[in-house]
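Novice: Quick one: the structure is below, and I'll ask about it shortly.
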Amino acid sequence: MVVSIRDSQGAGDESAHAALGGGVAVAIPLRARSRADSRASGDFGVSAPLHRAVEIAQYFGGCGLTTMAAGMPEQESPSPGGASQLASFGEELRREREIRGISLKEISDATKISKRFLDALERNDHRTLPAPVFTRGFVREYARYVGLNAEDMVNRYNFAAATDDRIEKPPQIERYASSLPRDITPRPQPKRGIPHARVNRNAIALVVIALALAGVAWWAVQHRLAEHDVVADNTPVTTATTAKPAVAVPRPVATTPPVDDSKLRLEVQATDNSWISLKADGKSVYNDEMARGDRRGFEATASFRFETIGNAAGVTLRLNGVEVPQLGKEGKVLHGVTFNRESLDRLRAGEPKERP
């Protein structure tokens, strides 16, 4: 900014230029002073530049701060964090569902996922949702039903949840954090070891002891061999007699107690966290999350039906004492798994071993 100072007559007999940022020229009119004024003030023309400098300062006193404030850049608003990314993820699920005209009840009936969890997933209500491993299964089933790429939506959920402190981090995030470079500057360590003279003495002592033990062992072996030869020479020859064959005594055959199959008994043990929804003879007997280490037993007359198993690899099943093979991989959600008396017969036909 270039400032030009002129008197009130516009004569321009005196001028001063001050360079400020902006490149804008501003003319500041100054009051003309007569010689009489100068003589009255007693400066006789000597203090005129001083008075003009004062007027310049007064002029900029009213507008300088405003000009400086106008030239300062505005601060950028903080970018949204992981919570907003997660919120947009839930909104996108709801938008895709509404575009296709699908209701939450329709998805719940088809996937056997509680409508309460589907609604919480769209509203990003993490207090209502179960553990993240089950939530990822819900996202996968939701995406498949509405026609989206299931794995892509699960990856986007993991990315959005990774920056949200309310969500448990998947193992991939923990491995990435552990692989970050760290300060590995070696610290000076004091020298350790055994003095050279002491090492020599110890080595000599060990060699002497080893030689002594070897000599004793060699003498003992030779002495035992000599005794064995003497005993063999003095042993009388005996006539071999044929021994009568022993008569085998029959042993009682152990009988297996009959198995009571009047009822079907199902034992469910959780090796990892898993959501379980189970019906016995058509009636719901369990609909909750089983934590790792939980064990439950159920009875039925005709059949059992798992409406939902949230983590196929997280449960171990035994039907009337017969172990059921693993139903699926970790994180896989199963629906409509049924066990009846035919299932029991097939399991017994191919059962390798039962637990005691």
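Numbered by this note's numbering, the letters in the sequence shown go through residues 24 to 379 in order. C-beta atoms are modelled at their ideal positions from N, C-alpha and C, and glycine is treated no differently.
In terms of residues, what are the limits of the alpha helix (DSSP H) holding N178?
Specialist: Position 155 of the sequence shown, counting from 1, holds the residue named residue 178. First-last of the alpha helix (DSSP H) with N178: 173 to 185.
Novice: Return helix, strand or coil for S307, following the three-state DSSP convention.
Specialist: Within the sequence shown, residue 307 is the residue found at index 284, counting from 1. S307: strand per DSSP, three-state reduction.
Novice: Does DSSP classify N223 as helix, strand or coil?
Specialist: Residue mapping note: residue 223 aligns to position 200 of the sequence shown, counting from 1. If DSSP states are grouped into helix, strand and coil, N223 belongs with the helices.
Novice: What whole-angstrom Cβ distance do M313 and S297 have, given they're in contact under 8 Å?
Specialist: Within the sequence shown, residue 313 is the residue found at index 290, counting from 1. Within the sequence shown, residue 297 is the residue found at index 274, counting from 1. Between S297 and M313 the Cβ distance is about 6 Å, and since that is below 8 Å, they are a contact.
Novice: Determine the DSSP secondary structure at G297, reduced to helix, strand or coil.
Specialist: Position 274 of the sequence shown holds residue 297. Looking at the sequence shown, residue 297 is not Gly but Ser. DSSP places S297 in strand when its eight states are reduced to three.
Novice: Report the three-state DSSP secondary structure of Q292 (helix, strand or coil).
Specialist: In the sequence shown, counting from the first residue as 1, residue 292 sits at position 269. Three-state DSSP puts Q292 in a strand.
Novice: Which value, in whole angstroms, describes the spacing of the CA atoms of A185 and E145?
Specialist: Start at 1 with the first residue of the sequence shown, and residue 185 comes out as number 162. Start at 1 with the first residue of the sequence shown, and residue 145 comes out as number 122. Answer to the nearest angstrom: the Cα atoms are 18 Å apart.
Novice: In the structure shown, what three-state DSSP assignment does E312 receive?
Specialist: Stepping through the sequence shown from its first residue, residue 312 is reached at position 289. Three-state DSSP puts E312 in a strand.
Novice: Got a sec? Which residues, its chain only, sit under 6 Å from V360 by beta carbon, not counting five neighbours each side?
Specialist: Mapped onto the sequence shown, residue 360 falls at position 337. Closer than 6 Å at the Cβ level, and outside the excluded window around V360, lie F329.
Novice: Give me, in chain order, the residues of the same chain whose beta-carbon lies closer than 7 Å to that of G351; leave out the 5 immediate sequence neighbours on both sides.
Specialist: Numbered from 1 along the sequence shown, position 328 holds the residue referred to as residue 351. Only A335, A336, L357 meet the Cβ criterion.
Novice: For the beta strand (DSSP E) holding I332, just list the boundary residues, first then last.
Specialist: In the sequence shown, counting from the first residue as 1, residue 332 sits at position 309. Residues 326 to 332.
Novice: According to the neighbour-count rule (16 or more other Cβ atoms, all chains shown, within 10 Å of its Cβ), is N147 buried or exposed?
Specialist: Taking the first residue of the sequence shown as position 1, residue 147 is located at position 124. When all chains shown are included, N147 counts as buried.
Novice: What would DSSP say about V49, mapped onto helix, strand or coil?
Specialist: As a first step, residue 49 must be located in the sequence shown, where it is residue number 26. At V49 the pLDDT is 43, less than 50, meaning the model places this residue with poor confidence; the figure from the coordinates comes in the next sentence. Strand, per DSSP.
Novice: To the nearest angstrom, how far is the alpha carbon of R371 from that of L289?
Specialist: Locating residue 371 in the sequence shown gives position 348, counting from the first residue. Locating residue 289 in the sequence shown gives position 266, counting from the first residue. Roughly 14 Å between the two C-alpha positions.
Novice: Look at E164 and I136 and say whether their C-beta atoms are less than 8 Å apart.
Specialist: For the purposes of this step, residue 164 is taken as the residue at position 141 of the sequence shown. For the purposes of this step, residue 136 is taken as the residue at position 113 of the sequence shown. In contact: E164 and I136 (Cβ atoms closer than 8 Å).
Novice: Looking at the structure shown, is E250 part of a helix, part of a strand, or coil, going by DSSP?
Specialist: In the sequence shown, counting from the first residue as 1, residue 250 sits at position 227. In the structure shown, E250 sits in a helix (DSSP, three-state: H, G or I).
Novice: With DSSP collapsed to three states, give me the class of K302.
Specialist: Taking the sequence shown and counting its residues from 1, one reaches residue 302 at position 279. Here K302 sits in strand by DSSP.
Novice: Express the C-alpha separation of P155 and E121 in angstroms, rounding to a whole number.
Specialist: Start at 1 with the first residue of the sequence shown, and residue 121 comes out as number 98. Start at 1 with the first residue of the sequence shown, and residue 155 comes out as number 132. Going by the C-alpha atoms only, they are around 25 Å apart.
Novice: Can you name the start and end residues of the beta strand (DSSP E) that L144 belongs to?
Specialist: Walking along the sequence shown from the start, residue 144 turns up at place 121. Per DSSP, L144 belongs to no beta strand (DSSP E); it is in the alpha helix (DSSP H), 138 to 146.
Novice: Can you tell me which of the three DSSP states A237 falls into?
Specialist: Here residue 237 refers to the residue found at position 214 when the sequence shown is read from its first residue. Helix, per DSSP.
Novice: Give me the Cβ distance between G333 and F157, rounded to the nearest whole Å; I'm assuming they're in contact under 8 Å.
Specialist: Position 310 of the sequence shown holds residue 333. Position 134 of the sequence shown holds residue 157. Going by Cβ atoms, the distance from G333 to F157 rounds to 5 Å, so yes, they are a contact pair.
Novice: In three-state DSSP terms, what is T151?
Specialist: Translated into positions along the sequence shown, residue 151 becomes position 128. Correct three-state label for T151: coil.
Novice: Starting from E322, trace the beta strand (DSSP E) in both directions and tell me its first and last residue.
Specialist: Start at 1 with the first residue of the sequence shown, and residue 322 comes out as number 299. Unbroken beta strand (DSSP E) run through E322: 318 to 323.
Novice: Give me the Cα-Cα distance between G320 and T134, rounded to the nearest whole angstrom.
Specialist: Looking up residue 320 in the sequence shown gives position 297. Looking up residue 134 in the sequence shown gives position 111. Near 26 Å, if we compare the C-alpha coordinates of T134 and G320.
Novice: Does the beta-carbon distance from D284 to N343 come in below 8 Å?
Specialist: Translated into positions along the sequence shown, residue 284 becomes position 261. Translated into positions along the sequence shown, residue 343 becomes position 320. Yes, the Cβ-Cβ distance between D284 and N343 is below 8 Å.
Novice: Cβ atoms of I125 and V177: under 8 Å apart, would you say?
Specialist: Within the sequence shown, numbered from 1, the residue matching residue 177 stands at position 154. Within the sequence shown, numbered from 1, the residue matching residue 125 stands at position 102. Contact: no.
Novice: What first and last residue would you give for the alpha helix (DSSP H) that runs through L127?
Specialist: Taking the first residue of the sequence shown as 1, we reach residue 127 at position 104. Looking at the DSSP string, the run of the alpha helix (DSSP H) that includes L127 is 127 to 134.
Novice: Within 10 angstroms of its Cβ, does R179 collect 16 or more other Cβ (buried), or is it exposed?
Specialist: Looking up residue 179 in the sequence shown gives position 156. So R179 ends up on the buried side.
Novice: Roughly how many whole angstroms lie between the Cα atoms of V291 and K138?
Specialist: One-based indexing of the sequence shown puts residue 291 at position 268. One-based indexing of the sequence shown puts residue 138 at position 115. Cα-Cα distance, rounded: 25 Å.
Novice: Since R123 is in the alpha helix (DSSP H), which residue starts that stretch and which ends it?
Specialist: Numbered from 1 along the sequence shown, position 100 holds the residue referred to as residue 123. It is not in any alpha helix (DSSP H) - R123 carries neither H nor E in the DSSP assignment.
Novice: Taking the alpha-carbon of K454 as reference, which of E129, P348, F161, E322 has the nearest alpha-carbon?
Specialist: Nothing about residue 454 can be reported from this structure: the residues present for the chain run from 24 to 379 only.
Novice: With DSSP run on the structure shown, which of helix, strand or coil describes L350?
Specialist: Locating residue 350 in the sequence shown gives position 327, where the first residue counts as 1. Of the three classes helix, strand and coil, the one that applies to L350 here is coil, per DSSP.
Novice: Does V356 come out as helix, strand or coil in the three-state DSSP assignment?
Specialist: On the sequence shown, residue 356 is found 333 positions in, with the first residue counted as 1. Three-state DSSP puts V356 in coil, outside helix and strand.
Novice: If V347 sits next to A293, beta carbons under 8 Å apart, how far is it from one beta carbon to the other, in whole angstroms?
Specialist: Counting from one through the sequence shown, the residue named residue 347 turns up at place 324. Counting from one through the sequence shown, the residue named residue 293 turns up at place 270. Contact flag wrong, Cβ pair sits at about 14 Å.
Novice: Among L152, A249, S366, whose alpha-carbon lies nearest the alpha-carbon of D311?
Specialist: As a working note, residue 311 is residue 288 in the sequence shown. Nearest of L152, A249, S366 to D311, Cα basis: L152.
Novice: At what residues does the alpha helix (DSSP H) containing D368 begin and finish?
Specialist: As a first step, residue 368 is located in the sequence shown; it is residue number 345 there, counting from the start. Residues 364 to 372.
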